[in-house]
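Taking it in order: structure first as structure tokens, then the write-up.
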Ligand SMILES: [Zn+2]
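Dropping the structure here:
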């Protein structure tokens, strides 16, 4: 439980940074076993997106006050329950889709918090996918799930994943090696190292996405270490290296850059360009 809380603070800081920088993605998935914790993060994120103050969420503007009071009309929280069903069905998603195309009531944006993502059946997820592919510019979706594995690959390819869960997915030896090499390449002053490294698997979108996801997790662990947390990290040496070489701000930038790049990779964006972009974005994230 304590680890979830620690994760919460770190993920929260990372998310708010993306909102404040104006590069928060339109589709986000928050993974956490504790639904109360993920809802808390989703609400705070929605609040920040709608805040009109300078440092979001400012806690003082009208939007913030309404969000804190749980009565902002442009924050729509739903678990998809209808009279006929107690979970998300294709009908409840269609209703959300119809509603999403109506402009916000009073803010510049509209945020949908979709709870119980793990209970969405395949049809419902496919319906969500349609709107995630081309959301209205003012709409943000935050899907909450207790298990990322219950979501369709196609949905995962359209959202940035912020995980509050303690990772227990098994990692192959190859993936381990790649992550170790990746961290060394990111930290290396030699630009070519990163280029050489990423070109090894960039043509394999699935693997590239997985390595970026793992790098994002390693950076989150490095942030935890900076905050004094001493847990069992999957990549203790890499975590220490990142923690020792980068500031908390750079680590947060790196997490967000990894999440963004992961989305591009999963969307099959031109691979040659992607290698260059990846190197550029990752170096920029750490101010090099
Ligand atoms: Zn505000």
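Residue numbers (this note's numbering): 1168 to 1455. For every residue, glycine included, the Cβ atom is placed at its ideal position computed from N, Cα and C.
Would you identify the three-state DSSP class for residue i, choosing helix, strand or coil?
i            : result
residue 1208 : helix
residue 1470 : For the chain, the structure presents residues 1168 to 1455; residue 1470 sits outside this window and is missing.
residue 1181 : helix
residue 1245 : strand
residue 1287 : coil
residue 1252 : coil
residue 1386 : helix
residue 1455 : coil
residue 1319 : coil
residue 1450 : helix
residue 1270 : coil
residue 1345 : helix
residue 1392 : helix
residue 1225 : coil
residue 1213 : helix
residue 1199 : coil
For residue i and residue j, I'd like the C-alpha separation in whole angstroms.
i            : j            : result
residue 1165 : residue 1202 : In the structure displayed, the chain extends from 1168 to 1455; residue 1165 sits before or after that span and is not available.
residue 1272 : residue 1241 : 6 angstroms
residue 1211 : residue 1285 : 21 angstroms
residue 1342 : residue 1375 : 10 angstroms
residue 1236 : residue 1213 : 13 angstroms
residue 1409 : residue 1316 : 28 angstroms
residue 1221 : residue 1339 : 44 angstroms
residue 1415 : residue 1394 : 9 angstroms
residue 1391 : residue 1290 : 38 angstroms
residue 1368 : residue 1320 : 19 angstroms
residue 1179 : residue 1207 : 10 angstroms
residue 1377 : residue 1251 : 38 angstroms
residue 1327 : residue 1424 : 11 angstroms
residue 1205 : residue 1350 : 29 angstroms
residue 1465 : residue 1452 : Outside the displayed span of the chain (1168 to 1455) sits residue 1465, for which this structure offers no information.
residue 1313 : residue 1182 : 19 angstroms
residue 1434 : residue 1192 : 14 angstroms
residue 1228 : residue 1430 : 33 angstroms
residue 1436 : residue 1233 : 40 angstroms
residue 1345 : residue 1325 : 24 angstroms
Under the DSSP definition of a beta bridge, which residues are partnered with residue i?
i            : result
residue 1194 : 1308
residue 1277 : 1306
Tell me, to the nearest whole angstrom, how far the beta carbon of residue i is from that of residue j; I am working on the premise that it is less than 8 angstroms.
i            : j            : result
residue 1356 : residue 1194 : Going by Cβ atoms, the distance from residue 1356 to residue 1194 rounds to 35 angstroms, so no, they are not a contact pair.
residue 1197 : residue 1329 : 5 angstroms
residue 1282 : residue 1246 : 4 angstroms
Going by the C-beta, is residue i closer than 7 angstroms to any heavy atom of ligand 2?
i            : result
residue 1210 : Annotation note on ligand 2: not contained in the displayed structure, which lists ligand 1 as its ligands.
Inset, instruction - Scan the stretch 1403-1446 and note each continuous alpha helix (DSSP H) run of 4 residues or more that stays entirely inside, going in chain order. - result: List check, alpha helix (DSSP H) in window: 1403-1412, 1415-1433.
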